[in-house]
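What follows is a single structure, written as structure tokens, with notes after it.
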Amino acid sequence: MHCFPLTGSSEQRTSIPVFFFVMTILLSWVIWPPGVLVTFGILALQIDDSIYVLLNVIGGSIPTLVGLSLYYRDGGMPKFKEVLKRSVDPRLIKKLWWLPLLFLMPLINGSAMVLGILTGGAAPNLPFIQQWYLIPVLFIVGFIPISNAFREEIGWRGFAIERVQSRQNALMTSIIIGFVWGIWHLPLYFFPIAMDIYGSKPFWLFITNTITLSIIMTWLYNNNNKSIFTGVTFHVALNITPAIFPFEQAGLGMYFNMVLLLIVAFFIVLYYGYQTLMKEPEQKTAG
Numbered sequence: 000m001h002c003f004p005l006t007g008s009s010e011q012r013t014s015i016p017v018f019f020f021v022m023t024i025l026l027s028w029v030i031w032p033p034g035v036l037v038t039f040g041i042l043a044l045q046i047d048d049s050i051y052v053l054l055n056v057i058g059g060s061i062p063t064l065v066g067l068s069l070y071y072r073d074g075g076m077p078k079f080k081e082v083l084k085r086s087v088d089p090r091l092i093k094k095l096w097w098l099p100l101l102f103l104m105p106l107i108n109g110s111a112m113v114l115g116i117l118t119g120g121a122a123p124n125l126p127f128i129q130q131w132y133l134i135p136v137l138f139i140v141g142f143i144p145i146s147n148a149f150r151e152e153i154g155w156r157g158f159a160i161e162r163v164q165s166r167q168n169a170l171m172t173s174i175i176i177g178f179v180w181g182i183w184h185l186p187l188y189f190f191p192i193a194m195d196i197y198g199s200k201p202f203w204l205f206i207t208n209t210i211t212l213s214i215i216m217t218w219l220y221n222n223n224n225k226s227i228f229t230g231v232t233f234h235v236a237l238n239i240t241p242a243i244f245p246f247e248q249a250g251l252g253m254y255f256n257m258v259l260l261l262i263v264a265f266f267i268v269l270y271y272g273y274q275t276l277m278k279e280p281e282q283k284t285a286g
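With the first letter of the sequence shown counted as 1, position 224 gets the number 223 in numbering that gives the first Met the number 0; the numbers rise by one all the way through.
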């Protein structure tokens, strides 16, 4: 089995991924429930939207906060600094890989929207196509430190991917992380200010997408020097492109989006191999 070995005790390699997953879900699910209880009428409180935003931000930061804490516990300040560097340094990313990082999700979402329209769905408004000069602003905002990308990816595409991939192949790593990543979002289906976004799609479809997206993100990570910034950048593109191409408003667009993600993930695994999602360098024979 081709894995990415880690230093440390066998006990760490066995227990830490489970500990990370449990702590991430537990802490986030402690922070988000007040909003969920209000939604179900169990907690009779008038809570200002600003409080919901704060709870959402804090709960959504748990993957990165737990990941950084465990990185520091295991490797001290040197490891902490090395992880932060991999999280923000674009130089770790190979030039050609910027194409899928920046354009794969716009291509998939745009195609899903067009297919939704062609199969009878209504054509949604496209304000950001008409005002295209605002698209770079969306990207810039997506990279601020409190954005979803940074709040999550140092945990999922940093700590978790390293630990799980130390003993699982790349495909199984992606499936495990993608499933937990999806389950972690469950309270947001019932959380004020978030449920309109998440509740627009069936949860089984959301889980399918988080798994296929994890395959794509592991592929990007493994082929770019374990750059956590690949996860951050792809997450930014993932978040903003539905505003540019609102495929969920175009009939069956969300289902076409799911199918296209599955097709892309399938061909990545087929071409690169499930063990590492990387092409092994060709061995030159002596002439």
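For every residue, glycine included, the Cβ atom is placed at its ideal position computed from N, Cα and C.
Contact check, residue i vs residue j, beta carbons under 7 Å
i	j	result
I262	I210	no
L100	F233	yes
V235	G141	yes
V56	I153	no
I230	M216	The amino acid occupying residue 230 in the given sequence is Gly; Ile does not appear at that position. In this structure, M216 lies closer than 7 Å to G230 by Cβ.
G332	W31	A question about residue 332 goes unanswered here, because the residues of the chain that appear run from 0 up to 286.
I61	S27	yes
F158	G66	yes
A293	F255	The structure shown has nothing for residue 293, since the chain only spans 0 to 286.
I267	R156	no
N168	Y273	yes
L251	T118	yes
F79	A242	no
M20	V179	Note that residue 20 corresponds to Phe in the displayed sequence, not to Met. Cβ distance < 7 Å, so F20 and V179 count as in contact.
L237	M104	yes
N224	M257	no
Continuous alpha helix (DSSP H) stretch holding residue i: start and end
i	result
M194	194 to 197
I139	134 to 141
A122	Where A122 is concerned, there is no enclosing alpha helix (DSSP H), given that its DSSP letter is neither H nor E.
S173	169 to 183
E151	147 to 153
I160	160 to 164
Cβ shell of residue i (< 6 Å), same chain only, five flanking positions each side left out
i	result
N222	M277
G7	With a pLDDT of only 41 at G7, under the threshold of 50, the placement of this residue in the model should not be trusted; the figure read from the coordinates follows. Counting only Cβ-Cβ distances below 6 Å, and skipping sequence neighbours, we find nothing.
P123	P245, Q248, A249
R72	none
I116	A122, A249
Spatial neighbours of residue i in its chain, beta-carbon cut-off 8 Å, leaving aside the 5 residues before and after
i	result
Q282	Note that Q282 scores 45 on pLDDT, short of 50, meaning its location in the model is unreliable and no value can be drawn from it.
R12	Note that R12 scores a pLDDT of 48, beneath 50, so its modelled location is shaky and nothing firm can be said.
Closer than 7 Å to chain C by CB, residue i
i	result
Y273	This model lacks chain C altogether, as it is built from one protein chain only.
Close Cβ partners of residue i (< 7 Å) along its chain, the five nearest in sequence each way excluded
i	result
N163	For the record, residue 163 in the displayed sequence is Val; it is not Asn. Closer than 7 Å at Cβ, skipping near neighbours: P16, T172, I175, I176.
A264	T211, I214, I215
V52	I192
V29	none
So within the segment 36 to 77, which uninterrupted alpha helix (DSSP H) runs reach at least 4 residues, ignoring any that extend past its ends?
48 to 59
4 or more residues per run - each alpha helix (DSSP H) lying fully within the segment 197 to 275:
202 to 221, 227 to 243, 252 to 271
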